[in-house]
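Here the sequence shown is numbered in UniProt numbering, starting from 1 and rising by one per residue.
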Amino acid sequence: MTDQSFTPLPASSPDASDIIGPDPSSDKPHVRFVEVSTLSGSATLFGNSQAMGNDADTALFLGLRERADVIVVGSGTVSIEDYGGAQPTKERPTPAPIAVVTNSFNVDPQSKFVTEAITPPLVIANDKSMNSPEYAEKREALRQAGLEFINSGTGSANEIVQALSAKGLNKIVCEGGPGIFGLFIADHALDQMYLTLDPKLTGNVERTLVSDKAISAIGGSSEGTIDFTLEKVAVDTDSTVFLRYAVVPTT
1 MTDQSFTPLP ASSPDASDII GPDPSSDKPH VRFVEVSTLS GSATLFGNSQ
51 AMGNDADTAL FLGLRERADV IVVGSGTVSI EDYGGAQPTK ERPTPAPIAV
101 VTNSFNVDPQ SKFVTEAITP PLVIANDKSM NSPEYAEKRE ALRQAGLEFI
151 NSGTGSANEI VQALSAKGLN KIVCEGGPGI FGLFIADHAL DQMYLTLDPK
201 LTGNVERTLV SDKAISAIGG SSEGTIDFTL EKVAVDTDST VFLRYAVVPT
251 T
């Protein structure tokens with residue numbers, strides 16, 4: 001039996017700009033999450049997210065980067081996803097810097113994340129780590145490689161956002177991973193979320209979309225919820241679904 005209310009799959013893929021929507025104002029911080037998930041709720045398949053999404057998802061990912069002042073990502077995700085540097089495009093010949101959040105400075109200065117970067121990456125670390133003799137050698141190696149350091153105080157998401165804003169980097173795209181998403185959620189430090197649902201079901205969840213690892217490391221609380229309102233739904237020819245949500249302002 002066919003559901004007569006069901007809209008057939010489209011004949012062509014959705015446009016990334018239509019999914020992204022209007023650009024936010026650059027006058028104040030605006031944080032956008034970009035995530036991909038299986039129907040089981042896993043952020044990875046076979047160890048990373050490279051087997052997930054499709055061409056439209058890649059266009060969405062790159063389109064959000066093009067509109068960003070800075071791209072925030074955790075050092076674990078840089079390693080797991082084998083990040084390279086953000087590459088120039090016709091619309092953005094000088095790409096936004098990628099700011100890696102790490103309190104142990106586990107970024108290889110010889111990795112393609114550093115060596116292929118057109119715009120030198122930023123390193124965001126809390127005050128304790130920035131001044132710890134334990135990491136002095138790693139910090140110096142990254143300085144020699146041309147990376148710039150940003151002190152995030154206690155390491156909370158709000159302090160990360162404030163530190164980036166102080167440098168004029170207000171349009172923030174956060175690419176994860178789970179610990180970084182959890183850190184920002186704990187502070188309600190986000191405005192929009194772009195969630196791609198890959199039409200695959202797995203028997204286990206390799207990696208959750210969100211974890212409390214980063215917030216727990218700085219003694220914060222992961223309690224509480226954030227309410228969203230749906231702004232956009234788009235469906236691709238292969239049944240991949242794109243969702244854009246906006247945070248409901250608290251009163």
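For glycine and all other residues, C-beta sits at the position ideal for the given N, C-alpha and C.
Nearest residue (CA-CA) to R143, options Q110, E159, A163 and N126: Mapped onto the sequence shown, residue 143 falls at position 143. Residue Q110 is the option with its Cα nearest to R143.
Short Cβ contact (8 Å threshold) for P95 with P88: In the sequence shown, the residue the question calls residue 95 occupies position 95. In the sequence shown, the residue the question calls residue 88 occupies position 88. Yes, they are a contact pair.
Taking 7 Å as the cut-off, is the CB of S129 close to at least one heavy atom of the ligand ADP? As for the ligand ADP, it is missing from this structure, which has no ligand bound.
Nonlocal neighbours in the same chain, by C-beta distance under 6 Å from T196, ignoring five residues either side: Position 196 of the sequence shown, counted from the first residue, corresponds to residue 196. Closer than 6 Å at the Cβ level, and outside the excluded window around T196, lie V36, G53, D57 and F242.
Beta-carbon separation of L190 and F33 under 8 Å? Reading the sequence shown from its first residue, position 190 is the one you call residue 190. Reading the sequence shown from its first residue, position 33 is the one you call residue 33. A contact, by the Cβ cut-off of 8 Å.
Distance check for L122 and F184, CA to CA, integer angstroms please. Against the sequence shown, residue 184 aligns to sequence position 184. Against the sequence shown, residue 122 aligns to sequence position 122. Taking the straight line from one Cα to the other gives about 18 Å.
Using a 10 Å radius around the Cβ and a threshold of 16 neighbouring Cβ atoms, would you call D15 buried or exposed? What you label residue 15 is simply residue 15 of the sequence shown in a count that begins at 1. Burial call: exposed.
Should A157 and A125 be called a contact, given that it needs their Cβ atoms to be closer than 8 Å? By one-based count along the sequence shown, residue 157 stands at place 157. By one-based count along the sequence shown, residue 125 stands at place 125. The answer is no: Cβ separation not under 8 Å.
Using only the alpha-carbon positions, how far apart do T250 and Q192 sit? Locating residue 250 in the sequence shown gives position 250, where the first residue counts as 1. Locating residue 192 in the sequence shown gives position 192, where the first residue counts as 1. Rounded to whole angstroms, T250 to Q192 spans 14 Å at the Cα level.
Which residue or residues does DSSP assign as beta-bridge partners of A186? Here the question's residue 186 lines up with position 186 in the sequence shown. Per DSSP, none; premise fails for A186.
Per the DSSP calculation, S37 is bridged to which residue(s)? Locating residue 37 in the sequence shown gives position 37, counting from the first residue. According to DSSP, which records beta bridges pairwise, S37 is partnered with L197.
Determine which residues share a DSSP beta bridge with residue 291 and list them. Limits of the chain in this structure are 1 at one end and 251 at the other, which puts residue 291 out of reach.
With a threshold of 6 Å on Cβ separation, who are the neighbours of T8 within its own chain once the five nearest residues in sequence on each side are excluded? Translated into positions along the sequence shown, residue 8 becomes position 8. According to the sequence shown, residue 8 is Pro rather than Thr. Taken in chain order, the list of residues that qualify is empty.
Check T115 in the structure and name its three-state DSSP category. Here residue 115 refers to the residue found at position 115 when the sequence shown is read from its first residue. Helix, per DSSP.
Excluding sequence positions up to five away, which residues of its chain have a Cβ less than 6 Å from the Cβ of I215? What you label residue 215 is simply residue 215 of the sequence shown in a count that begins at 1. Only G182, L183, A186 and S222 meet the Cβ criterion.
Between which two residues does the alpha helix (DSSP H) containing K138 stretch? As a first step, residue 138 is located in the sequence shown; it is residue number 138 there, counting from the start. Segment A136 to Q144, the alpha helix (DSSP H) holding K138.
Residues sharing a beta bridge with R32, DSSP: Working through the sequence shown from its first residue, we reach residue 32 at position 32. According to DSSP, R32 bridges with V173 and Q192.
How is the alpha helix (DSSP H) around V161 delimited, first residue to last? Within the sequence shown, numbered from 1, the residue matching residue 161 stands at position 161. Run containing V161: A157 to A166, per the alpha helix (DSSP H) assignment.
Using only alpha-carbon positions, find the residue among T202, I80 and A68 that is nearest to A99. Taking the sequence shown and counting its residues from 1, one reaches residue 99 at position 99. When each option's Cα is compared against that of A99, the closest is A68.
From D55 to V101, what does the alpha carbon distance come to, in whole angstroms? Counted from its first residue, the sequence shown places residue 55 at position 55. Counted from its first residue, the sequence shown places residue 101 at position 101. Each residue's Cα considered, the two are about 28 Å apart.
Exposed or buried, what is D198 when buried is set at 16 or more other beta-carbons lying within 10 Å of its beta-carbon? What you label residue 198 is simply residue 198 of the sequence shown in a count that begins at 1. With 16 or more Cβ atoms within 10 Å of its Cβ, D198 is classed as buried.
Out of curiosity, what's the CA-to-CA distance linking I20 and S13? Residue numbering aside, residue 20 sits at position 20 when the sequence shown is read from its first letter. Residue numbering aside, residue 13 sits at position 13 when the sequence shown is read from its first letter. Computed Cα separation, rounded: 14 Å.
If we ignore side chains and look at the alpha-carbon of each, how far apart do V232 and Y245 end up? Residue mapping note: residue 232 aligns to position 232 of the sequence shown, counting from 1. Residue mapping note: residue 245 aligns to position 245 of the sequence shown, counting from 1. A small correction: the amino acid at residue 232 is Lys; Val does not occupy that position in the sequence shown. Whole-angstrom Cα-Cα distance: 7 Å.
Compare the beta carbon distance of E159 and G153 with 8 Å and say whether it is the shorter of the two. Residue numbering aside, residue 159 sits at position 159 when the sequence shown is read from its first letter. Residue numbering aside, residue 153 sits at position 153 when the sequence shown is read from its first letter. Going by C-beta atoms, E159 is nearer than 8 Å to G153.
Around the Cβ of D23, are there at least 16 other Cβ atoms within 10 angstroms (buried) or fewer (exposed)? Here residue 23 refers to the residue found at position 23 of the sequence shown. Exposed, since its Cβ has fewer than 16 Cβ neighbours within 10 Å.
What does a CB cutoff of less than 7 Å around M1 pick up in its chain, not counting 5 residues either side in sequence? Residue 1 sits at position 1 when you count from the first residue of the sequence shown. The predicted model places M1 with a pLDDT of 47, which falls under 50 and marks its position as unreliable, so this point remains unresolved.
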